[in-house]
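*Asks:*
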Amino acid sequence: MSITSSPVGEIHAEGCTITDLHKSYGSVEVLKGINLKVEPGKVVCLIGPSGSGKSTLLRCVNLLEQPNSGTITVAGYKATDPDVEVNRLRRHVGMVFQSFNLFPHLTVVDNCTISQQRVLKRDTAAAQKIALDRLDQVGLASFADRYPDQLSGGQQQRVAIARALSMDPSLMLFDEPTSALDPETVGDVLQVMRKLAEAGMTMVVVTHEMEFARQVADRVVFMDGGVVVEEGPAKDVIGNPQEQRTKDFLFRVLHPGQPS
């Protein structure tokens, strides 16, 4: 599989800056003043236990969740500005979820064209050309006329990535994209993500795949309890963590079943 330039141009990477971000659900504060900078063309992996706020942070970036306070700047937009055009912002931010969220009644190629036509107002021929290019990039061009229920979980997730890429985002968010997959299909999805990183896509990835984070991430951020506990190059955070909470988490992930 190869990631190449799209028919409408090369990847235009944009950075993302998050400052003092807070998010609460009622009396429960999920994000407690997050500060994070993602440089253009870089990959940041968010790791940490369930409930630490990682997914909520991603959802705040593309405004699927509305922060209570703080600022998010992405693709030249201040996402937390009350007057921001949400749909215009989301054109620049692709997101891949744990579940594939494909339309079961549409073919693979139609899943990758519907948003192009409705949101970007591309005509059918242009949208299909881009969709087929993106499907080729994830190794699934020959599956274009199939329906989601005719694909494996890993193939469906690769279609979801192709669908997001068809919108030509400058930032890609991945929320545990392999957590719902059978072990034998995880590798294909991670390979697509590796190729994206090599092509210069700015990516923020929530993952428990520590080897992927070690090999691909420019920076790793360990979150726990709604705060950033430790961050730095992957070789430092994963290979030589300084904080005890980071050490405990990594031991549980890398040595499951062993007493700490």
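Numbering (UniProt numbering), first residue to last: 1 to 260. Just so you know, even glycine gets a beta-carbon here, dropped at the ideal spot from N, CA and C. Computed from a prediction, not measured in an experiment: that's the story for all the values here.
Quick check: the Cα distance between residue 123 and residue 51, rounded to an integer number of angstroms?
*Replies:* Distance between the alpha carbons of residue 123 and residue 51 is about 42 Å.
*Asks:* Which of helix, strand or coil does DSSP assign to residue 214?
*Replies:* Here residue 214 sits in helix by DSSP.
*Asks:* Pull up the distance between the alpha-carbon of residue 68 and that of residue 125, whole angstroms please.
*Replies:* Their backbone Cα atoms lie some 42 Å apart in a straight line.
*Asks:* With distance defined between alpha-carbon atoms, name the residue in 48, 30, 200 nearest to residue 169.
*Replies:* Closest option to residue 169, Cα to Cα, is 200.
*Asks:* Would you list the one or two residues that DSSP bridges to residue 34?
*Replies:* Note: residue 34 sits in a beta bridge opposite 21.
*Asks:* Can the beta-carbon of residue 218 be found less than 8 Å from the beta-carbon of residue 42?
*Replies:* Taking 8 Å as the Cβ cut-off, residue 218 and residue 42 qualify as a contacting pair.
*Asks:* Grab the span of the beta strand (DSSP E) containing residue 206 for me, first residue to last.
*Replies:* Element bounds for residue 206: 202-206.
*Asks:* Let me make sure I understand the geometry here. Which of 188, 164, 231 has the alpha-carbon closest to that of residue 212?
*Replies:* For residue 212, the nearest C-alpha among the options comes from 188.
*Asks:* Within 10 angstroms of the Cβ of residue 166, are there 16 or more other Cβ atoms? Answer buried if so, exposed if not.
*Replies:* Residue 166 should be labelled buried.
*Asks:* Could you say which of 98, 83, 78 lies nearest to residue 92 if we only look at CA atoms?
*Replies:* Residue 92 has its Cα closest to that of 78, out of 98, 83, 78.
*Asks:* Report the three-state DSSP secondary structure of residue 246 (helix, strand or coil).
*Replies:* DSSP places residue 246 in helix when its eight states are reduced to three.
*Asks:* From the DSSP output, in three-state form, read off residue 232 for me.
*Replies:* If DSSP states are grouped into helix, strand and coil, residue 232 belongs with the strands.
*Asks:* For residue 178, list the residues DSSP reports as bridge partners.
*Replies:* Answer is none; residue 178 lacks a bridge partner.
*Asks:* Rounded C-beta distance between residue 19 and residue 71? I'm assuming under 8 Å.
*Replies:* Contact holds; Cβ gap of about 5 Å.
*Asks:* Nearest by alpha-carbon distance to residue 25: which of 61, 17, 66 is it?
*Replies:* When only C-alpha atoms are compared, the closest one is 66.
*Asks:* Output the distance between the C-alpha atoms of residue 3 and residue 27, rounded to the nearest integer angstrom.
*Replies:* Note that residue 3 scores a pLDDT of 37, beneath 50, so its modelled location is shaky and nothing firm can be said.
*Asks:* Among 30, 90, 48, whose alpha-carbon lies nearest the alpha-carbon of residue 14?
*Replies:* Residue 14 has its Cα closest to that of 90, out of 30, 90, 48.
*Asks:* Could you spell out where the alpha helix (DSSP H) holding residue 114 opens and where it closes?
*Replies:* 108-119 is the span of the alpha helix (DSSP H), which, as asked, contains residue 114.
*Asks:* Applying the criterion that 16 or more other CB atoms from any shown protein chain within 10 Å of the CB defines a buried residue, is residue 138 buried or exposed?
*Replies:* So residue 138 ends up on the buried side.
*Asks:* Could you check whether residue 152 and residue 107 sit closer than 8 Å to each other, using their CB atoms as the reference points?
*Replies:* Their beta carbons are not under 8 Å apart, which means residue 107 does not touch residue 152 by this criterion.
*Asks:* Using 10 angstroms around the beta-carbon of residue 155, count the other beta-carbons present and answer buried if the total reaches 16, otherwise exposed.
*Replies:* Per the 10 Å Cβ criterion, buried.
*Asks:* Which parts of the segment 52-102 are runs of the alpha helix (DSSP H), unbroken and 4 residues or longer, counting only runs that do not cross its ends?
*Replies:* Entirely contained in the segment 52-102, the alpha helix (DSSP H) runs reaching 4 residues are, in chain order, 54-61, 86-90.
*Asks:* Could you give the first and the last residue of the continuous beta strand (DSSP E) run that contains residue 167?
*Replies:* Where residue 167 is concerned, there is no enclosing beta strand (DSSP E), given that its DSSP letter is neither H nor E.
*Asks:* Quick one: residues in its chain with C-beta nearer than 6 Å to the C-beta of residue 96, no 5 flanking neighbours on either side, listed in chain order?
*Replies:* 160, 161, 164, 174, 177.
*Asks:* Using DSSP with H/G/I as helix, E/B as strand and the rest coil, what is residue 123?
*Replies:* In this structure, residue 123 counts as coil in the three-state DSSP scheme.
*Asks:* What does the alpha-carbon distance come out to for the pair residue 252 and residue 258?
*Replies:* Residue 252 and residue 258: Cα-Cα distance of roughly 8 Å.
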